[in-house]
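Here the sequence shown is numbered in my numbering, starting from 1 and rising by one per residue. All C-beta atoms in this analysis are idealised placements derived from N, C-alpha and C, irrespective of residue type, glycine included.
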Amino acid sequence: MLYRVVEAGEGTFVQHCSWHGQAQQASPLAVSRERAAEVRSLDGVFPLEEPQMKASGQLTRAEDVLVSVVVPTYREADNLPLLVPQITAALDSWPHEILVVDDDSNDGTDLAVETLRKQGHSVRLVLRTDQRGLSSAVLRGFAEAKGTVLACMDADLSHPPEALSRMIKALENERVEIVVGSRYVAGGTTDGKWSWLRKLNSKVATLMARPFCQISDPLAGYFALPRVVFERAEVLNPVGYKIGLELIVKCDCTRVAEVPIHFSERCFGQSKLGLRQQIDYLRHLKRLADFKFGGWSQLAQFCVVGASGVAVDLLTYALLLRAAIAISLARAIAIFTAMSWNFVLNRRVSFSASRFGRPIVDQYFFWLASCGLGAITSWAAAVSLSFFTAFFAEHLFIAAILGIALGSLINFILARYWVFTDEVG
Ligand code: GDD
Ligand code: MN
């Protein structure tokens, strides 16, 4: 099997590549004359250059395609002399350029690129001194690239360059919007040296991407897509490592091809994927959820924050009761503590887009006012149940939980439509 196409939401079907059998018209890889002026991202605006148009009208497919391979690097000087010749060999039949986007590694990367260029490889260095980060480096590379096909791969030889030709061929199928070099599709493999912790980590992270993309390896850093598909993205957030997932979601790619690859251990040097990148991944998922599911994502986050607030409330209540505080006062203090807790988290998470809007003190005031009705309901329900019914007098916490449930519903409605209304960023 050369590759597999996955249709999001409609199950999976397998297709074999029929390179020669394709109709020739309207290839998505052909140079598009209509160009978006720029791609906006949180880290700035990336202007897209007009690619070089060939003068001779209708071209054969191979001439139409210019492949740009972006290789983000941080301290990969030792790997480049191995990698670049392999890319050149793999892309033998396509005009191509290789862009090494380096974040000021200072390890001889510039010399390595210069030497390779002199040896005849179509490679150039894009040096960034003002920014760091894998995803933003890849976007910078795409902004500088002239290709009709944009590809991205790691520098450390984890991604086999010879798969590039299979990936480009997969894109020749007009139905395919992005192609991923996949470790987990049938035929894909990883070096056997992974610890169980690394496997578990990879598995959990893959599962977390499920709501956005149903392919087997949504976190792959090895992918290629036609420029016309890339240009569909309006706003890109290059946070963290998963720029492939970002593009699948933001470019609305429903037809993703997966080409099986063998993912090797890096050749030289060290991985830069650490705790920081894992936290970034969670932030990234939150943003993707906001983008893809809008208000539903907010509601889900609001519920998670609310659930943590319930825990804070009950814990506080338990401590106060233990300190022999009267039920009505204890409920009041516990409810207030949870309200403040929820405010802080909702401001940071569920409604983070309004963080730069109204001043925090104003927001807190509105929040307390908006929760007031819910809080009073919660307090009144719990206290009256506890005082006036024998059952709840015995089960104070069940009364408290019932009160919280009633109050929460009122809270969400008021918060969404009254407190956190400004959406900035
Ligand atoms: N310019 C730039 N800036 N490049 C970077 C940076 C940075 O801040 N951080 C990492 N890179 C480059 C590395 O030099 C390498 O070429 C590539 O990005 C991948 O970095 P690694 O540090 O080797 O990542 P990894 O092997 O742990 O992760 C790879 O596999 C993951 C799946 O397991 C990457 O391909 C991930 O994208 C992928 O999700
Ligand atoms: Mn690596």
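Beyond the five residues adjoining it in sequence on each side, residue 68 comes within less than 6 Å, by CB distance, of 97, 145, 147, 150 in the same chain, given in chain order.
Annotation: the segment 176-214 contains the following complete segments of the beta strand (DSSP E) (minimum length 3 residues), in chain order: 178-182. Within the same chain, and ignoring the five residues on either side of residue 287 in sequence, the residues whose Cβ sits closer than 6 Å to its Cβ are 237.
Non-local beta-carbon contacts of residue 84 in its own chain, meaning distances under 7 Å to residues more than five positions away in sequence, involve 98, 116, 121, 123 in chain order. Secondary structure note for residue 110: its alpha helix (DSSP H) is the uninterrupted segment 109-118. Put simply, the backbone Cα of residue 394 is about 8 Å away from that of residue 386.
The C-beta separation of residue 382 from residue 399 comes to about 5 Å, placing the pair in contact by the 8 Å criterion.
In the structure shown, residue 218 adopts coil according to DSSP, grouped into three states. CA-CA distance, residue 226 to residue 196, rounds to 36 Å. Distance from the CA of residue 290 to the CA of residue 417, rounded to the nearest whole angstrom, comes to 17 Å.
Within the DSSP secondary-structure output, residue 69 pairs in a beta bridge with 98, 151.
With a cut-off of 8 Å on Cβ pairs, the segment 257-272 is in contact with the segment 156-163, counting three or more such pairs. The Cβ neighbour count for residue 390, taken over all protein chains shown within 10 Å, is under 16; the residue is labelled exposed. A distance filter of 6 Å between CB atoms and the heavy atoms of ligand 2 selects the following residues in sequence order: 154, 156, 158, 266, 271. Of all alpha-carbon atoms in 94, 93, 100, the one lying nearest the alpha-carbon of residue 81 is that of 100. The criterion of a C-beta distance shorter than 9 Å is satisfied by residue 104 and residue 127. For the pair of segments examined, the segment 318-328 was found not to touch the segment 294-301: the number of CB pairs separated by less than 8 Å stays below three.
Three or more pairs of CB atoms, one per stretch, sit closer than 8 Å, so the segment 341-360 contacts the segment 302-311.
Non-local C-beta neighbours of residue 161 in its own chain, meaning closer than 6 Å and more than five positions away in sequence, comprise 86, 87, 90, ordered along the chain.
With fewer than 16 other Cβ atoms from the protein chains shown falling within 10 Å of its own Cβ, residue 234 counts as exposed.
For residue 224, the secondary structure class from DSSP, reduced to helix, strand or coil, is strand. Contact between residue 280 and residue 239 holds, with the beta-carbon distance rounding to 5 Å and staying under 8 Å.
The closest CA to that of residue 73, considering only 133, 94, 180, is found on 133. For the set 137, 247, 202, 356, the Cα lying nearest the Cα of residue 421 is the one of 356. When DSSP states are grouped into helix, strand and coil, residue 355 belongs to the coil group. Burial check for residue 111: the Cβ neighbour count within 10 Å stays below 16, so the residue is exposed.
Annotated as proximal: residue 216 and residue 185, with beta-carbon spacing under 9 Å. When distances are taken from the beta-carbon of residue 289 to the heavy atoms of ligand 1, even the shortest one reaches 8 Å or more. Ranked by how close their Cα comes to the Cα of residue 351, the residues 412, 113, 200 have 412 in first place. A check of alpha carbon separations from residue 207 across 193, 92, 245 identifies 245 as the nearest. With fewer than 16 other CB atoms across the displayed protein chains lying within 10 angstroms of its CB, residue 360 is exposed.
Relative to ligand 1, even the nearest heavy atom lies 8 Å or more away from the CB of residue 203. With contacts defined by Cβ atoms closer than 9 Å, residue 142 and residue 178 do not form a contacting pair.
Cβ atoms of residue 314 and residue 397 come within 8 Å of each other, at about 6 Å.
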